[in-house]
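Chains as they are written, first to last, in this note's numbering: chain G, 350 to 598; chain A, 7 to 86. Structure record follows, encoded as structure tokens.
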């Protein structure tokens, strides 16, 4: 495997499962050191991270904080800063899903919760991390959007709208942060085999699967490969873009 | 290096100016390099120099060389 990210340091949120864990593993395999951000302390995850780090001769530092809590975000940032290492890459992966339902039957509290985590917390975390990246006058930020944020379908308004907002956030961040040499792009995965997608109704999963040319559900590792591409210098002429990784929807 | 020296160095490095320009008249947009892009570079340099994390409200009111000292001193325990 090419060590595409050799000697780079990345911050990845939501590392303990799904796309986040696949990204952590792939980044390590490509030579990247990682601050692996996870919501709750998890010894099993720490063991896995330690093994991955050892196998790939990189360091992985677990950082625990809840994106729904500003004070915890700040504490997480402080922990990252303590290492006095440069930050090359930020992957804003963590997010929450929504149980399906007509928008008229979705309580406002659900909209607020989903926007708080999927949008506002991403912005807040990025404000702090990109300030640390600016000093290097280089860097790459990858935000996790979703095809649901582009191809709106009924039943998931809160989640879809939050992922659409991330596209706007990405484009705005890209235009502002290019002044500091930082590129910002988004990935829009189709349906992927994760705990989050398993929360969808069978009908929604089946419909999404059938709407892709490949007629299958994606694997987290396939999304991680696209994230690694955007994180690396191989995408040095890309910023403000949304890359669909969806099996051809 | 004293805190004042660190503070001055951040301004000089980010805005590419000499020590003689570090006066009470030095304000946001009073020189070409202190625009919004330069402002955030200054904030990042000060955060690194003093190992602090500045609140957005403080970043917004940091409008001059003397005001900055006041903010760092009052809100981040940086003594000058």
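Glycine is no exception: its CB is placed at the ideal position from the N, C-alpha and C atoms. All of these numbers come straight from a predicted model, not from anything done at the bench.
Check, Outcome
"Of the listed residues G:376, G:448, G:438, G:433, nearest to residue 553 of chain G (C-alpha basis)", "G:448"
"Residue 438 of chain G: contacting residues in chain A (beta-carbon distance under 8 Å)", "By Cβ distance, chain A contributes nothing, its closest Cβ being about 17 Å from residue 438 of chain G, past 8 Å."
"Where the stretch 31 to 61 of chain A meets chain C: residues whose CB sits under 8 Å from a CB there", "Chain labels in this structure do not include chain C; the protein chains are G and A."
"Range covered by the beta strand (DSSP E) that runs through residue 416 of chain G", "Run containing residue 416 of chain G: none; DSSP gives neither H nor E here."
"Stretch-stretch touch, CB-based, cutoff 8 Å, three pairs: the stretch 17 to 29 of chain A with the stretch 42 to 52 of chain A", "yes"
"Local conformation of residue 543 of chain G per DSSP, three classes", "coil"
"Bridge partner(s) assigned by DSSP for residue 488 of chain G", "G:531"
"Whole-angstrom distance between residue 351 of chain G and residue 394 of chain G, CA atom to CA atom", "25 Å"
"Alpha helix (DSSP H) runs wholly inside the stretch 467 to 523 of chain G, at least 4 long, in chain order", "470 to 483"
"Where residue 467 of chain G falls, given that 16 or more other Cβ within 10 Å makes a residue buried", "buried"
"Contact the stretch 396 to 404 of chain G vs the stretch 373 to 384 of chain G: 3+ CB pairs below 8 Å", "yes"
"Residue 369 of chain G versus G:355, G:591, G:574, residue with shortest Cα-Cα distance", "G:574"
"Residues near residue 590 of chain G by beta carbon distance below 6 Å, same chain, minus five either side", "534"
"Inter-residue spacing [alpha-carbon to alpha-carbon] between residue 72 of chain A and residue 501 of chain G", "51 Å"
"Endpoints, the alpha helix (DSSP H) within which residue 159 of chain A is located", "Because chain A is modelled from 7 through 86, residue 159 of chain A falls outside the range shown and cannot be assessed."
"Contact with chain A by residue 484 of chain G, beta-carbon distance below 8 Å", "yes"
"Range of the contiguous beta strand (DSSP E) that encloses residue 32 of chain A", "Segment: none, residue 32 of chain A is in no beta strand (DSSP E) and carries neither H nor E."
"Chain-order list of residues whose beta-carbon lies under 7 Å from that of residue 41 of chain A (same chain, five-residue window excluded)", "35"
"DSSP three-state assignment for residue 70 of chain A, whether helix, strand or coil", "strand"
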